[in-house]
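K.L.:
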Amino acid sequence: GGMGCRTVCESLAVIAASLFLPVVSFECSEGSALSDTNLFPGFSRVGTIRSKVPDTMMHLQAMFGWNHLAIISDSGLQYYEQAELLQLSIPDFESTIYSVSSNNFDAVVEVMTQLVALKRRIIYFFGDENLFRQVICASEVAGTLVGLTWISEGIRSRVWWTEDDANVMAQSSVCDGSLISDLYEGALFFTGVGEPLTATDAALDCYEGYTSSTLHAEIQSYFADGYPPTSPNRTAVDYPHDGVINYVVDGVCVFAKMVEGMLAQGYAITDLRSPTEAVYDAVVDEIKQNIEFQGATGAVTITGNDVLNNFGIFQVSGTSFTRAGVADMHGNLNMSASDLSNSSWTEAPPDDVTSEEEFPILAVVIPSLVLFFCAIVCCAACTGRAAINSQAASSTET
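When you line the sequence shown up against mature numbering (1 follows the signal peptide of the UniProt record, and there is no 0), it's residues -25 to -1, 1 to 373, in that order.
#1: Take the Cβ of Phe107 as the centre, count every other Cβ of all protein chains shown within 10 Å, and call the residue buried at 16 or more, exposed below.
#2: For Thr297, which of Asn309, Asn280, Leu315 and Asn284 has the nearest alpha-carbon?
#3: Go to Ala113, then tell me how far its beta strand (DSSP E) extends in each direction, as first and last residue.
#4: Where DSSP assigns a beta bridge to Gly270, which residues make up the other side?
#5: From Ser127 to Ala58, what does the alpha carbon distance come to, in whole angstroms?
#6: Can you pull the DSSP bridge partners for Phe289?
#7: What is the residue span of the alpha helix (DSSP H) that Thr(-19) lies within?
#8: Of the residues Tyr222, Glu(-16), Leu35 and Val(-18), which one's Cα is nearest the Cα of Ala312?
#9: Exposed or buried, which one is Gln290 when buried takes at least 16 other CB atoms within 10 Å?
#10: Ile285: buried (16+ other C-beta within 10 angstroms of its C-beta) or exposed?
#11: Can you find at least 3 beta carbon pairs, one from the region 158 to 168 and one from the region 113 to 129, that sit closer than 8 Å?
#12: Verify whether the separation of the beta carbon atoms of Ala45 and Thr71 is less than 8 Å.
#13: Can you find a CB in chain C that lies within less than 8 Å of the CB of Ile266?
#14: Return helix, strand or coil for Asp69, following the three-state DSSP convention.
#15: Note down the Cα distance separating Thr175 from Asp81, rounded to an integer number of angstroms.
#16: With 16 as the cutoff for other CB atoms within 10 Å, does Glu267 come out buried or exposed?
#17: Of all the options Pro215, Val258 and His216, which has the alpha carbon lying nearest to the alpha carbon of Glu235?
#18: Identify which residue in Asp157, Gly40, Glu322 and Arg95 has its Cα closest to the Cα of Cys112.
#19: Give the secondary structure of Trp136 by DSSP, where H, G and I count as helix, E and B as strand, and everything else as coil.
#20: Could you tell me the alpha carbon to alpha carbon distance between Ile288 and Asn317, rounded to whole angstroms?
#21: Please state whether DSSP places Glu235 in a helix, a strand or coil.
#22: Residues in its own chain within less than 6 Å of Tyr54 by CB, not counting five upstream and five downstream?
#23: Indicate the three-state DSSP secondary structure (helix, strand or coil) for Asp314 in the structure shown.
#24: Check the C-beta distance from Val121 over to Thr321 and give it rounded, since I have them as a contact under 8 Å.
#25: Three or more C-beta pairs closer than 8 Å, one from the region 245 to 255 and one from the region 141 to 157: is that the case here?
#26: Mind the definition here: the region 213 to 226 touches the region 17 to 26 only if three or more C-beta pairs lie below 8 Å; say whether that holds.
#27: Need the endpoints of the beta strand (DSSP E) that Phe101 sits in, please.
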């Protein structure tokens, strides 16, 4: 169980299968390869897959008239592959990929300077939080007009944009959490909704006495105070990944329901501790065919390798965020201009060209014309006088 990184999930899914160990990922939501039951037959993931990102981007492009997408990616293969997949999935949305590294801030500033010159205002980012803060900081260093539209995907730590990042501030001392927050205002991010959409907060099957919201709140309290509360070694978590809580809760429930189902079929607990290939196949079949329960993320049923669930469009406001739209599990995209606030987004400034109204016609053009015609008159007068003098001289000689 556990695991949140796609590359780790892909590697461990293969290794675990050779050891006859079923794998249930609590996240690993990016990429489509993990949905392939032929490649990863013993793998299941609870995290909501991101297959609705392309449709969401095209919807936003049409809604706001965006003409170009700047995709900034960490140069690492894990992130750059995601950037390429996004670009390929939206061929009708013109885009450019820029590769950057957290070890070269000057190069990041250079990229942002290019975007200023090209008047790019819509930026999709792939990378970790530290690099994201560097990119946002670099936009300030490059002199970017405040009001870029920042877009990203996946679960990140709580209000990560407010953190005073020592690594970023070492590059530019002005880039503290307050400035990054101002520059990041109105940003969009896409990830699984992670909770039921219904108004009713239903009781959870695996956690007696709890609903999705009450269990989520209790786990959050342990982040603040440490767990267990009486332990002298308990450790608080300043920036927890709140978005993954309900997926972890449901992932553990998958294992509990699997054990319950296997015992009901007559298997002994010792069979599950050291499974043979036959027992392993039965466990995988139990997980994929028979498990169904009310979970913290909603109704949980595994289809293929995935739990189909609702995908959310969220928007940042200050130190919080709101859900601005939903791409539901049935393929419907519910989002309108009224759901989003674009008041913090600004267009690129116009080119610095002096208009005709501003050109000093009276002060420059008219005096120039007067001088020009005066010069012509003077030249004509001088020429005429020279001709008269020449004629007079000729008469005298005669």
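All residues carry an ideal CB built from backbone N, CA and C; glycine is no exception.
Quick caveat, the model's predicted, so the values are computed rather than measured.
P.N.:
Reading from the atomic positions:
#1: By 1-based counting over the sequence shown, the position of residue 107 is 132. With 16 or more other Cβ atoms within 10 Å, it is buried.
#2: One-based indexing of the sequence shown puts residue 297 at position 322. Taking only the C-alpha atoms, the option nearest Thr297 is Leu315.
#3: Here residue 113 refers to the residue found at position 138 of the sequence shown. From DSSP, Ala113 is part of no beta strand (DSSP E) but of the alpha helix (DSSP H) over Glu104 to Val116.
#4: Start at 1 with the first residue of the sequence shown, and residue 270 comes out as number 295. Gly273, per the DSSP bridge assignment.
#5: Translated into positions along the sequence shown, residue 127 becomes position 152. Translated into positions along the sequence shown, residue 58 becomes position 83. In a straight line, the C-alpha of Ser127 is about 11 Å away from that of Ala58.
#6: Taking the sequence shown and counting its residues from 1, the one referred to as residue 289 is at position 314. The partner list for Phe289 (beta bridge, DSSP) reads Phe164 and Arg298.
#7: By 1-based counting over the sequence shown, the position of residue -19 is 7. Where Thr(-19) is concerned, the enclosing alpha helix (DSSP H) stretches over Arg(-20) to Ser(-8).
#8: Looking up residue 312 in the sequence shown gives position 337. Ala312 has its Cα closest to that of Leu35, out of Tyr222, Glu(-16), Leu35 and Val(-18).
#9: As a working mapping, residue 290 is identified with position 315 in the sequence shown. Per the 10 Å Cβ criterion, buried.
#10: Numbered from 1 along the sequence shown, position 310 holds the residue referred to as residue 285. Looking at the sequence shown, residue 285 is not Ile but Asn. With 16 or more other Cβ atoms within 10 Å, it is buried.
#11: yes
#12: Here residue 45 corresponds to residue number 70 of the sequence shown, with the count starting at 1. Here residue 71 corresponds to residue number 96 of the sequence shown, with the count starting at 1. In this structure, Thr71 lies closer than 8 Å to Ala45 by Cβ.
#13: No chain C is present in this structure, which holds just one protein chain.
#14: If you number the sequence shown from 1, residue 69 lands on position 94. The amino acid occupying residue 69 in the given sequence is Glu; Asp does not appear at that position. Note: Glu69 maps to coil in three-state DSSP.
#15: Taking the first residue of the sequence shown as 1, we reach residue 175 at position 200. Taking the first residue of the sequence shown as 1, we reach residue 81 at position 106. Cα-Cα distance, rounded: 51 Å.
#16: Looking up residue 267 in the sequence shown gives position 292. Under this definition Glu267 is an exposed residue.
#17: To locate residue 235, count along the sequence shown from 1; it is residue 260. Closest by alpha carbon: Val258.
#18: Indexing the sequence shown from 1 puts residue 112 at position 137. Checked all of Asp157, Gly40, Glu322 and Arg95; the closest Cα to Cys112 is Asp157.
#19: The sequence position of residue 136 within the sequence shown is 161, counting from 1. In the structure shown, Trp136 sits in a helix (DSSP, three-state: H, G or I).
#20: Numbered from 1 along the sequence shown, position 313 holds the residue referred to as residue 288. Numbered from 1 along the sequence shown, position 342 holds the residue referred to as residue 317. Approximately 14 Å between the Cα atoms of the pair.
#21: For the purposes of this step, residue 235 is taken as the residue at position 260 of the sequence shown. Correct three-state label for Glu235: helix.
#22: In the sequence shown, residue 54 corresponds to position 79, counting from 1. Within the same chain, Tyr54 has close Cβ partners Ser48, Phe101 and Gly102.
#23: Position 339 of the sequence shown, counted from the start, is the residue given in the question as residue 314. It is helical.
#24: Position 146 of the sequence shown, counted from the start, is the residue given in the question as residue 121. Position 346 of the sequence shown, counted from the start, is the residue given in the question as residue 321. Rounded, the Cβ-Cβ distance is 7 Å, consistent with contact.
#25: no
#26: yes
#27: For this step, residue 101 is matched to residue 126 along the sequence shown. It spans Ile97 to Phe101 - the beta strand (DSSP E) in which Phe101 sits, taken as one unbroken run.
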